[in-house]
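S.K.:
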Amino acid sequence: MPEKAHRDEGLTAEARPATKEDAAILAKLVNMAGDGLPLYLWTKMAEGGDPWEVGRQRAQREQGSFSYRNAVVLEHGKVIACLIGYPIEPSLPDPDTPAMFVPFNMLEAMAVGSWYVNVMATLPEARARGYGSRLLAMADAIAEATGCTGTSLIVSDANTKARHLYESVGYREVASEPMVKDGWTGAGENWVLMVKPRTG
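Pasting the structure below:
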């Protein structure tokens with residue numbers, strides 16, 4: 001397929017709010033975006049059961065950061081990409097937070113008031129077609145519509161391709177924290193907070 005047609009798909013794919021019926025593909029996309037960290041956590045939670053079922057159940061929740069209610073999907077014949085996010089609100093530190101999540105909480109606390117891009121992912125066969133840029137533009141629009149100060153996200157320092165994309169649309173690195181892997185074998189040494197202030 002010609003390159004122009006590929007890029008056009010990023011514009012013509014249908015965007016819609018996710019539903020509970022999207023739970024399986026949301027779990028798959030979330031795990032892709034997290035470089036296997038979600039599946040690692042779901043495996044622990046499954047206690048010998050199916051970790052993907054844990055992921056699907058979490059996607060079907062009515063509340064929580066990973067909930068279908070916080071997700072928008074893009075369809076081009078099937079769901080091929082998703083955006084999951086929410087405003088970061090002030091919160092007190094929880095002493096019971098697992099060590100692995102403390103760096104995330106510390107970085108998120110530096111971006112209170114922004115709309116947090118928790119997950120942005122595209123299926124491998126649909127990449128390099130403009131979907132990522134479109135989802136980031138949608139995040140900007142949501143941030144403006146909800147009165148947020150801008151958008152923010154956290155990315156591994158090893159994910160240079162994603163960081164270049166974020167920088168190309170206006171995100172800038174503002175802080176980083178060392179990863180606490182706790183047995184997870186994903187790439188990288190630090191989590192990096194990137195922020196894009198609202199313009200206008």
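The sequence shown runs 1 to 200 under UniProt numbering.
For every residue, glycine included, the Cβ atom is placed at its ideal position computed from N, Cα and C.
Three-state secondary structure (DSSP) at residue 169?
M.R.: In the sequence shown, residue 169 corresponds to position 169, counting from 1. Assigned with DSSP and collapsed to three states, residue 169 falls in coil, not helix or strand.
S.K.: Candidates 157, 40 and 32: which alpha carbon is nearest residue 187's?
M.R.: Reading the sequence shown from its first residue, position 187 is the one you call residue 187. The closest CA to that of residue 187, considering only 157, 40 and 32, is found on 157.
S.K.: Following the continuous alpha helix (DSSP H) through residue 15, name the residue where it begins and the one where it ends.
M.R.: To locate residue 15, count along the sequence shown from 1; it is residue 15. Per DSSP, residue 15 belongs to no alpha helix (DSSP H); it is in the beta strand (DSSP E), 14-17.
S.K.: If we count Cβ pairs, one from each stretch, closer than 8 angstroms, do we get three or more for the segment 96-116 versus the segment 146-153?
M.R.: yes
S.K.: Write down every uninterrupted run of the beta strand (DSSP E) in the segment 98-186 whose length is 3 residues or greater and which is fully enclosed by it, in chain order.
M.R.: 115-122, 150-156 and 172-178
S.K.: Distance, Cα to Cα, residue 68 vs residue 60?
M.R.: Indexing the sequence shown from 1 puts residue 68 at position 68. Indexing the sequence shown from 1 puts residue 60 at position 60. Cα to Cα, residue 68 sits roughly 6 angstroms from residue 60.
S.K.: Which runs of the beta strand (DSSP E) spanning at least 3 residues fall entirely within the segment 47-103, listed in chain order?
M.R.: 71-75 and 79-87
S.K.: Measuring straight from C-alpha to C-alpha, what distance separates residue 43 and residue 49?
M.R.: Within the sequence shown, residue 43 is the residue found at index 43, counting from 1. Within the sequence shown, residue 49 is the residue found at index 49, counting from 1. Roughly 8 angstroms between the two C-alpha positions.
S.K.: State whether the segment 17-27 contacts the segment 51-66, with contact taken as three or more CB pairs (one from each stretch) at a distance under 8 angstroms.
M.R.: Result yes; three or more Cβ-Cβ pairs closer than 8 angstroms.
S.K.: Quick one: is residue 73 buried, meaning 16 or more other Cβ sit within 10 Å of its Cβ, or exposed?
M.R.: Mapped onto the sequence shown, residue 73 falls at position 73. Counting every other CB atom within 10 Å of its CB across the protein chains shown gives residue 73 a total of 16 or more, marking it as buried.
S.K.: Could you check where the alpha helix (DSSP H) with residue 20 kicks off and where it finishes?
M.R.: The count along the sequence shown starts at 1 and reaches residue 20 at position 20. Where residue 20 is concerned, there is no enclosing alpha helix (DSSP H), given that its DSSP letter is neither H nor E.
S.K.: Can you tell which of 36, 81, 38 and 39 has the C-alpha that lies nearest to the C-alpha of residue 17?
M.R.: As a working mapping, residue 17 is identified with position 17 in the sequence shown. Ranking 36, 81, 38 and 39 by Cα distance to residue 17 puts 81 first.
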